[in-house]
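Written below as structure tokens is the structure these notes are about.
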Amino acid sequence: MKRAGIVIMLFWLAACSSDQVQQDDGSAASNDESFQTLVTDLKSPWDIEYDQQTFYISEREGTITSWTEGEESVRYPVQTRKEIVQRGEGGLLGFKLLPGFKDHQRALAYHTYEEEGSIMNRIIEIERNSDQWKETSVLLENIPGAQFHNGGRIEIGPDNQIYVTTGDSLNESLAQDPESLAGKILRLSTDGTAAEGNPFDSSYVYSYGHRNPQGLTWNKDGELYAAEHGPDNHDEVNLIQPGQNYGWPQIVGDEEREGMVTPLFETGRNTWAPSGVVFFREELIVASLRGKAVMKLSPSGGDPETLTEQYGRIRDVEVVDDRLYFITNNTDGRGSPESEDDQLVKYSP
Ligand SMILES: [Ca+2]
Ligand SMILES: [Ca+2]
């Protein structure tokens, strides 16, 4: 029995190594054929969207690059009434096509701006024209901003309301201040008012006590998950419930305190610096900036796995037709760009 096991093991090892030889054609990054680069030369990309065979990718300096299979990619500027300020982690960040985009060409965007010496963030509606995107209305302004910790992800929930992550704007105590829009997950209706049924009366605040969340997604049961950057390490994945306090800055990592929610998962002494998240085949996929990887986490527990760490910093992940897509983030001055960076990559397991 034991001997048979060893024979099978040796046979298996031999099979693996011959596979390896066949695949080893000298191209280091592409020796796994399940990964395919679709678009190159993106500039500090932040958010992936998709509609009608076309990908749309927001770029921090204030452009949106679109790409349709078989065509060249096209980069259009976004014209805003207040100038997009790309400084530190700011700029044009979250971007979300509105339902029915093919009929009206409208989307939502989150961007950093400066007013009277203060850095802030605003949520606007933009419309795609023949050679540019143009602001059509503003949903919410004066979201506290800073060089770092601007949050910035926009998603539309299964309830058709708009969900937005905001950072603590380097002012920790604001995350616990119910009157401040900083360090929160906000919930808005499409006309820019606080969504009906929010946990605090006529407030945008959906949950609070967040440090710098940049990832939002729902599982197939409609439960909301968010990822956020911890201090140095202790990055978090949380299950978001309305009105709950996620603890920052009073608790960190797996610490517990009455009235505060401890994360579903935290990275301990490791750093991921998580940005976009999405569910793919029932696992939570996390774009990891400082971890320089696409990570995979099972919501039912167990250790996280690395899907790939061949591409450097990863900013966002998206699923289209049972394929996973991700964008790298090596060109914003914090990474080590390769000649093709930044890239949109497709993963077909
Ligand atoms: Ca997206
Ligand atoms: Ca927390």
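In my numbering, the protein residues as written are 87 to 435.
Every residue gets a Cβ at the ideal spot worked out from N, C-alpha and C, and that includes glycine.
According to DSSP, Ile-242 shares a beta bridge with Ile-248.
Just so you know, the alpha carbons of Leu-350 and Ser-216 end up roughly 45 Å apart. In the three-state DSSP reduction, Lys-432 falls in the strand class (E or B).
Scanning its chain for C-beta atoms nearer than 6 Å, with the 5 sequence neighbours on each side dropped, one finds around Ala-379 the residues Thr-392, Glu-395, in chain order.
A Cβ-Cβ distance of about 5 Å is found for the pair Leu-183 and Glu-135, placing them in contact under the 8 Å criterion.
Counting every other CB atom within 10 Å of its CB across the protein chains shown gives Arg-167 a total below 16, marking it as exposed. Taking 9 Å as the cut-off, the beta carbon of Val-224 is found closer than this to the beta carbon of Ile-209.
Here the segment 327-335 makes no contact with the segment 353-370; the two share fewer than three CB pairs at distances below 8 Å. Looking from the CA of Gln-327, the closest CA among Glu-342, Val-347, Asn-319, Arg-343 belongs to Val-347.
Taking the Cβ atoms as the reference, Val-406 lies roughly 12 Å from Phe-412, outside the contact range of under 8 Å. Of the residues assessed, Leu-124 falls on the exposed side of the cut-off, its CB having fewer than 16 other CB atoms within 10 angstroms. Setting aside the 5 residues that flank it on each side, Gln-330 is surrounded in the same chain by Ser-293, Val-347, each with a C-beta closer than 7 Å to its C-beta; the list follows chain order. Inclusion of Thr-154 and Pro-131 in the CB contact set at 9 Å is not warranted, their separation being larger than that value. Counting only unbroken stretches of 3 or more residues, the beta strand (DSSP E) elements lying wholly within the segment 303-341 are 310-314, 322-326, in sequence order. The alpha-carbon of Gln-429 is positioned some 13 Å away from that of Tyr-142. Three or more pairs of CB atoms, one per stretch, sit closer than 8 Å, so the segment 230-238 contacts the segment 157-175. For His-197, the uninterrupted beta strand (DSSP E) run begins and ends at 192-201, by DSSP. Of the other Cβ atoms in all chains shown, 16 or more fall within 10 Å of the Cβ of Ser-266; this residue is therefore buried.
In the three-state scheme derived from DSSP, where H, G and I count as helix and E and B as strand, Leu-370 is classed as strand.
Cβ neighbours of Glu-169 within its own chain (closer than 8 Å, five residues either side excluded): Tyr-199, Glu-200. With 16 or more neighbouring CB atoms inside 10 Å of its own CB, Asp-321 falls in the buried class. When DSSP states are grouped into helix, strand and coil, Leu-260 belongs to the helix group.
For the pair Gly-387 and Gly-354, the Cα-to-Cα distance works out to about 15 Å. Annotation for Val-405: the continuous beta strand (DSSP E) segment containing it runs 400-406. For Trp-358, there is no enclosing beta strand (DSSP E), as DSSP marks it with neither H nor E. Nearest to Asp-127 by alpha-carbon distance, out of Pro-435, Tyr-433, Asp-418, is Asp-418. With respect to Phe-181, Ser-144 sits close: the two C-beta atoms are nearer than 9 Å.
DSSP places Phe-234 outside both helix and strand once states are collapsed to three, so it counts as coil.
Pro-317 sits exposed, since fewer than 16 C-beta atoms from the chains shown fall within 10 Å of its C-beta. Close CB contacts of Ser-255 within its chain, under the 6 Å cut and outside five residues either way in sequence, are with Pro-230, Gly-231, Ala-232, His-235, Ala-268 (chain order).
In terms of Cα proximity to Gly-301, the closest of Ser-374, Glu-211, Asp-408, Lys-220 is Ser-374. Taking the CA atoms as reference points, Asp-189 sits about 46 Å from Asp-340. Spanning the alpha carbons of Glu-202 and Glu-227 requires a straight line of approximately 14 Å.
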